[in-house]
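Position one of the sequence shown corresponds to residue 782 (our numbering), numbered consecutively onward.
One structure is given here, and the rest of the page talks about it.
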Amino acid sequence: MRSIVFWISFTLVLLAALALTTYRIDEPPWEPGHQSFHMGEYPRNALNYLRYGYLRTGLGLVENLGEDTSQPLTYRVDHQPMLPLLISLAYALFGVHFWCARIFPVLMCLSTSLVTFALAWRLMGNRWLGLLAFAFSVFSPMFLFDGRIPMPKNGVVFFGMLMVFCYWQWLSTAKRTWLYSLFGIAWLAINTNWQAYFTIAALTVHYLWFGERNGKWKHVLFVGVGAVLMLASYFLWTAWLTGGQSIQTQLDIFLFRTGSRINDDYVFTSLEWWQRHIRSAADWLTTPVALLVTIWLALVVRDALARKVSSASSLLLCLFASGVLYNSVFGNSVMIHEFEMWYHFVPLFAIAAAWTLHRPWIGHIGRGIVAVVVLGLFLDETINNYLMRQQGSAAQISAAYFVGDYLHARISSGGRYLTTVIIHPRITPTIADRPFEMVKSLEQLREKLRPEGRYEAFLISNGNDSEPEVRTYLIEHHPRTDLFGYSIFDLTKTGSNVLVENPAISHPVRINFGGVIEYLGHDVESVVYRNDQDIPWWQYYLVRHAELLPQYRTAFHVVNYWRKLVDDATDYRLVTQFDAQRGPAYRLELGYPGLDRLYPTSMWPVGQIVREEFEIAVPRDAPSLVYAMSVAVQKGEQFLLPMDVPLPTDTSGRVRVGSVDIRPRTAPPPLTVPPSPQYPTSVSDGRLTFLGYDFNASVDGATVTTYWQKLAEFPTDYRLGLRLENAFNRIDCSLDSVPTRLWQVGGSYRDSCTFSALLARGVYTLSLVAQLPSNEILDSKDTRVVLPLAWMDHCRAVEDFILLQLGQPDGSAEDEPERVVPSKPWQITYQLRRPQDVEVVIGWTGQSQYDQTRLRVSAYNENWRLGKDKYLTTLVVPRGHPSVSRIKVPAYLARTGDNTLRLTIPPKSLIGWKGWVAKVIPDLELILRDYAPPYAGWVEPDFVQVRLTAPPYRTEEVDEIGHYTPSDLLAALRALEFNYGECEKSAEVHAYAQRLKERVQTLVEMVDWSAPPPDIMALLAEMADPTIWVLVREWLSQQLTANLDTTLVDSNGVAKLRVLGYKLWSPIPNEQGTELRLYFEVLDRVARDYTIF
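In structure tokens:
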């Protein structure tokens, strides 16, 4: 039975490791770091084996690009050919794919862990400890994350561990079969990577230490002479391939990798070398394993000093020493390539960590308990490490991949191209797979183009302002294609498609921007059908960013026509944006430098028509709407104002010139059965009818399902939505799953939305919002229908809000939403009259840069003496999924007056037990902290609420007016709000409100108003009875320090707010600081938030 459990456990661990290691095995090389860099190295050499043949290449690493086999061969001589040979075998069997380049590294990575399991079992004689070592190895963050990289390290570690296993078997059994296997595998390892020589040296030292006396030196001499001969044969072989040029190259590389000859970019000290190793050990090998290995090492050193060390322990000790020696000799290499530093230590650490538990005094039960605890801590840290690295592996250099892919498709198999920029030293040349040459001046370009036909394309960066003569020549003589911030000129064709004469413009218009630049019109598709092809789950498993693949993208081309009117040396920015709004605003625009950077306006000939063409990508989560096309000309941060334009123009100077209809591929079908809503109604404007709704409330929230019928055609979409509101909350929910313009006339449709159950408790009004855009770009027709519905029981506890923050709380522009970024903390400031518990509720819309963003939450106070930052919790915000985070701030961290909560994105979070250890021993934080590049993501909040919990209000009759307090009044008003006579279930509350209104005048006179709740004035102002507000104004006129009576108007001259005055108030007697309270009266409907200075 135990044997069955053991092998089932072993199989489950192996399958889980296989699934994690092969994740993203077919990912294109568009992520930064070594993952993509090495895809441009050895796979290229493997492809050349098939292209030129194994005999012609001499099994050397050929670096040539392109399919022209007549060109002379160029070799790489600093690495052995074993890995490219294996990749070429996969290419020959399955074709040239990204996963074929990674299949052998993945298999060798998993095989290394299998050999580790077998060796640990043999060394310790305990298969369960062998399984523990197998788990430590196969689930190590380094193997999981770097195991799919096509690099020689995978192969040399696998062959090295296989060598060690054969050596131990030969030493234990004295069978020559194991010795011959050892020599054969050593030959494979030597032809894989230089580290094999260090492994052979470690086995030799161990054999001298523990080997048999008879014939010992004969074996050692054979191994030593064999290693020297293999090294000499490699140098002779590479010299034969390169005609003797390889010797100097190999010497230069050796001096660079050892740190003997380096430039200023790679200078490091011995202390930095050790610090990097210590930090990386905890990061890549996990802290639990590193601590166990430290204990094992201490015990082995003690046994060695007492001359009690075993042969098995000394073998592992020799391997550790050879690994440290390799890192010391090639110090520069391991400092640049982080996987070089610890990859070969993973199996050694796994065995040593498991071996620490192989002590007689621990006992079987104690060994099992410790193993389970350590394994749990190890897996927890591994998962966090793995997820953090996966979420940081975004397609940040996708332009390098797509430009290379375009060049490969457009240039013939024997063609070549010219360039002024290397986008990526490995990715773009490898993906393009075409020879190229660099050009730095116009003279060089003209020389390269004689005779014609030698080169087929020219690649240049739009954002590179160097070589203006080269850019001008190319624009004037060859057609251009814009691609991800780069321009590719077709050298096989003549004639400019940028400088044109008398173009046929499909949408002509004349707009004069500031008397300098004139816009003549555009060519754009009026209707763009989305690529609605579903991406299967397995595609996301193979390619994490599968939505970027061409077969799943949606994009459309835009062509603008401009003309320069006067001679002006200023460089203007040409702006083209596509905006739509349904609840939130959506914008599509060019996300990289365009023609205005490649060919700036200062270089334009006066009167010449300039054609600007680019592609706009439509994100998969962008709604199917009609996007208004606007153009503008920008000088620095200022927009040039258009002159005498009959088209709609906004306040920034953007002119609406057209629109693009983004549609789904198939129109939504109507309901097959006539709807029967739970609450039927009939609201219509002649084109669209609201038939009714269903309402279902539960502890998880409330779902409102609406039913509609289309009566007539209309060209644009209604913005349909539901609004749940009272005096303190307004939650909007868009009904945008089905575009209304695509509905069939006479058909019935259904759409729904869900409101969170984490809203403040109270009675809400549910209203329907229907908005139809008019011909004006910034104008709209808004129809609101109040539905007779009060949600949530009014007798539940009322929560006292002390802060409600929506939209952009810092007053930033609408097109620059508030974001939490790593560069500075995001602060929430609120006031308390006394220290007490508060709850902070933050809503996230799912707008963030990476799949998951970790936020550190802390209470902050400048006056705290023992640390100004008190850690509270860590939030994990997922991308694409709206969520709500609740944070409890205890009273002992609060103070009277201003309180601050900080949200920060740490460079690397100390998660789990490491965070607790760092709190107890702060000096260990640098060692425990994950060593990796700083996390550079952002996350966008939706709303923030800071609230207190008040006791339930009383609905019974109160005879004595003195029993009323501001809290009673506040709670009652919040539950009542406006017109609840229509609500069937609140008759008692409505009667209570009437009695309360009658006593408001007495309350104003008797209640202690010296420190009213911050928002009670607004509550009184919103009561239905206007006499209440008259009484409040009379009371305020007596209480204010200064009566201002100033009216604030908007840009259209409409009076919006009246400043009544201000009052100076000290929160606590004898406490420094005075509060300035401003009082306003709302004169007209305010559709947006104002920032008041």
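Backbone N, C-alpha and C define an ideal beta-carbon position, used for all residues, glycine too.
| Item | Value |
| --- | --- |
| Glu-1418, DSSP secondary structure in three states | coil |
| Bridge partners - Ser-1242, DSSP secondary structure assignment | Tyr-1267 |
| For Thr-1470, the three-state DSSP class (helix, strand or coil) | strand |
| Per-residue DSSP class, three states only, for Phe-1395 | strand |
| Of the residues Gly-992, Ser-1179, Ile-1390 and Thr-1023, the one placed nearest Gln-1303, counting alpha carbons only | For the sequence presented, residue 1303 should be read as His rather than Gln. The shortest C-alpha separation from His-1303 is found at Ile-1390. |
| Sub-8 Å separation of Leu-780 and Trp-1489 beta-carbons | Outside the displayed range of the chain (782 to 1874) lies residue 780, so it cannot be described from this structure. |
| Short Cβ contact (8 Å threshold) for Ile-966 with His-815 | no |
| Under 8 Å between C-beta atoms of Phe-926 and Arg-1170 | yes |
| Leu-1106: first and last residue of the uninterrupted alpha helix (DSSP H) it sits in | 1092–1110 |
| Residue nearest to Tyr-872 in terms of C-alpha spacing, selected from Ala-1403, Pro-1455, Thr-1453 and Asn-826 | Asn-826 |
| Secondary structure of Asp-1033, DSSP reduced to three states | helix |
| Three CB pairs or more closer than 8 Å across the segment 1267–1281 and the segment 1399–1408 | no |
| Length of the line joining the Cα atoms of Thr-1654 and Ala-1640 | 10 Å |
| With 16 other Cβ atoms within 10 Å as the buried cut-off, status of Asp-1679 | exposed |
| Glu-1218: first and last residue of the uninterrupted beta strand (DSSP E) it sits in | 1217–1219 |
| Residue of Gly-1266, Ala-1361, Asp-1475 and Leu-1280 minimising C-alpha distance to Thr-1382 | Leu-1280 |
| Cβ neighbour criterion (16 or more within 10 Å) applied to Ile-1686 | buried |
| Glu-1494 - DSSP class collapsed to helix/strand/coil | coil |
| Beta bridge counterpart(s) of Trp-1607 as assigned by DSSP | Leu-1684 |
| Cα-Cα separation between Asp-1104 and Gly-1040, rounded to whole angstroms | First, the amino acid is wrong: residue 1104 is Gly here, not Asp. Going by the C-alpha atoms only, they are around 17 Å apart. |
| Cα-Cα separation between Leu-801 and Pro-1659, rounded to whole angstroms | 20 Å |
| Length at least 4, wholly inside the segment 909–944: the alpha helix (DSSP H) runs in chain order | 922–927 |
| Cβ contact check for the segment 831–843 and the segment 855–864: 3 or more pairs under 8 Å | yes |
| Contact under 8 Å by Cβ, Val-1412 with Val-1324 | no |
| Outcome for Thr-1610 when other beta-carbon atoms lying within 10 angstroms are tallied against a minimum of 16 | exposed |
| Reduced DSSP secondary structure (H/G/I, E/B, other) of Gly-1302 | strand |
| Coarse secondary structure for Trp-975, derived from DSSP in three states | coil |
| Spatially closest choice to Val-1127 from Leu-1226, Tyr-1187, Ser-1061 and Thr-1677, by CA coordinates | Ser-1061 |
| Alpha-carbon spacing of Val-1115 relative to Arg-1083, whole angstroms | 30 Å |
| For Met-1384 and Val-732, the rounded distance between their alpha carbons | This structure cannot settle anything about residue 732, because the visible part of the chain is limited to 782 through 1874. |
| Whether Val-1305 touches Val-1436 by CB criterion (8 Å) | no |
| For His-1205 and Phe-1037, the rounded distance between their alpha carbons | 22 Å |
| Cβ distance (whole Å) where Tyr-1373 is taken to contact Phe-1265 below 8 Å | 6 Å |
| Cα-Cα separation, Leu-943 to Asp-1246 | 55 Å |
| Nearest candidate by alpha-carbon position, reference Leu-1369, set Ile-1192, Gly-1375, Gly-1296 and Asp-1360 | Asp-1360 |
| Element boundaries [beta strand (DSSP E), containing Trp-1343] | 1335–1345 |
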